[in-house]
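One line per chain: the protein sequences are C and Y, in this order. With the numbering used here, letter number 116 in the first sequence gets 116, and the count goes up by one each step, no holes. With the numbering used here, letter number 116 in the second sequence gets 257, and the count goes up by one each step, no holes. Take a look at the structure set out below.
There are 2 protein chains.
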Amino acid sequence: MDKYTELLKNKNISPSIQRVKVLQYLDKNRTHPTVEQIYTGIKGELPTLSKTTVYNVLQLLEEKKVIKSISGSDGREHYDFCRLPHGHFKCVKCGNVYDVEENFVYQGEQMIDGHKITDYNLVFKGICKNCLNKMDAKNEK
Amino acid sequence: MDKYTELLKNKNISPSIQRVKVLQYLDKNRTHPTVEQIYTGIKGELPTLSKTTVYNVLQLLEEKKVIKSISGSDGREHYDFCRLPHGHFKCVKCGNVYDVEENFVYQGEQMIDGHKITDYNLVFKGICKNCLNKMDAKNEK
DNA sequence: ATACATAATTGTAATTATTACAAATTTATC
DNA sequence: GATAAATTTGTAATAATTACAATTATGTAT
Numbered sequence: 001m002d003k004y005t006e007l008l009k010n011k012n013i014s015p016s017i018q019r020v021k022v023l024q025y026l027d028k029n030r031t032h033p034t035v036e037q038i039y040t041g042i043k044g045e046l047p048t049l050s051k052t053t054v055y056n057v058l059q060l061l062e063e064k065k066v067i068k069s070i071s072g073s074d075g076r077e078h079y080d081f082c083r084l085p086h087g088h089f090k091c092v093k094c095g096n097v098y099d100v101e102e103n104f105v106y107q108g109e110q111m112i113d114g115h116k117i118t119d120y121n122l123v124f125k126g127i128c129k130n131c132l133n134k135m136d137a138k139n140e141k
Numbered sequence: 142m143d144k145y146t147e148l149l150k151n152k153n154i155s156p157s158i159q160r161v162k163v164l165q166y167l168d169k170n171r172t173h174p175t176v177e178q179i180y181t182g183i184k185g186e187l188p189t190l191s192k193t194t195v196y197n198v199l200q201l202l203e204e205k206k207v208i209k210s211i212s213g214s215d216g217r218e219h220y221d222f223c224r225l226p227h228g229h230f231k232c233v234k235c236g237n238v239y240d241v242e243e244n245f246v247y248q249g250e251q252m253i254d255g256h257k258i259t260d261y262n263l264v265f266k267g268i269c270k271n272c273l274n275k276m277d278a279k280n281e282k
């Protein structure tokens, strides 16, 4: 049983050939492809494939958190294998830092101001759960 | 001369009434509005307004870095006043941290894992310009 | 002020991504 | 193997965006 079939089964998704192929394509092409690209990319191996199926599969895989949709500024949706957790949250009250599951995918340049980007991280600031609770407790006295 | 007229002039954009109104709308409505929302939002004050004009103005303002377009996962573009710089870059070689002008706008939840988000920051990692240069110099010897 | 050139706006039509939906096919279950 | 459920398919509808030509407004020189 191949890797993708297994992944789908683990997520309680019946591993149809279409689903497996879409998933495989997204794993092998980590370039944030569009629906069109995915469709033409696997149409050769699955000649009966319908574009509607690609839409259906992508929607399902996103619901089940197997993939992530990211919106380009080009009027098309792009898709990517899930990479998470990828965020941190720092509380401005107590200073604690928490890992958060923000499955955000950076879509911008690979170079910025001449620096070569190899990784990134979204850092949030605010008031953490615990401090919020304490503040509520105070207000209710 | 109002604030928006001034801002446009500073950017060398002739301050037509349509441009001023779009800009004003985006300043007063920091909710990442869509073209549709902007259009209906100012149509009352500018009855002759065309939707094409809204598209034109938004494209121009984005080119001139006055606003930022952000793509929701809902098939529509959203627009926002520019807020930058909002990123940092940390070099994995020398450890230096640089401010970078990444005018990314976070579009996700305002709460995450029960924590209240009030600010955010995109942090990049990689190899900085200086270290890249040094590495090149070495390779060319 | 008037005539002219340039820039901006407008409205319509075309394009493109996405969704809705019903029919056909496949898969699972008894 | 028969039946029901799930999945895929193709077509048609919807909605956002773009292309483009015509109109309107603005600026400049005489």
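For every residue, glycine included, the Cβ atom is placed at its ideal position computed from N, Cα and C. These numbers come from a predicted model, not from an experiment.
Would you say residue i lies against chain Y (beta-carbon separation less than 9 Å)?
i             : result
I67 (chain C) : no
G44 (chain C) : no
E77 (chain C) : yes
Please compile the residues from chain Y whose C-beta is within a distance smaller than 8 Å of the C-beta of residue i.
i              : result
V100 (chain C) : I253, D254, H256
I127 (chain C) : H256, K257, T259
Going by DSSP, name the residue or residues bridged to residue i.
i              : result
K125 (chain C) : C:K90, Y:D260
D136 (chain C) : None, per the DSSP bridge assignment.
I154 (chain Y) : Looking at the DSSP assignment, I154 (chain Y) forms no beta bridge with any residue, so it has no partner.
D221 (chain Y) : Y:K209
Here's the rule: buried if 16 or more other CB atoms are within 10 angstroms of the residue's CB, otherwise exposed. What is residue i?
i              : result
K21 (chain C)  : buried
I208 (chain Y) : buried
G267 (chain Y) : buried
C94 (chain C)  : exposed
I17 (chain C)  : exposed
R160 (chain Y) : buried
I'd like to know whether the C-beta of residue i is nearer than 9 Å to at least one C-beta of chain C.
i              : result
Y247 (chain Y) : yes
V264 (chain Y) : yes
L148 (chain Y) : no
S212 (chain Y) : yes
Which chain Y residues sit within Cβ distance under 7 Å of residue i?
i             : result
L60 (chain C) : Within chain Y, no residue comes near L60 (chain C); the closest Cβ sits about 15 Å away, beyond 7 Å.
F89 (chain C) : I253, H256
How would you list, in chain order, the residues of chain Y whose beta-carbon sits under 9 Å from the beta-carbon of residue i?
i              : result
L132 (chain C) : G255, H256, K257
Inset, instruction - Would you mind listing the beta strand (DSSP E) stretches within the segment 158-217 of chain Y that are 3+ residues and don't spill past its ends, in chain order? - result: 208-212
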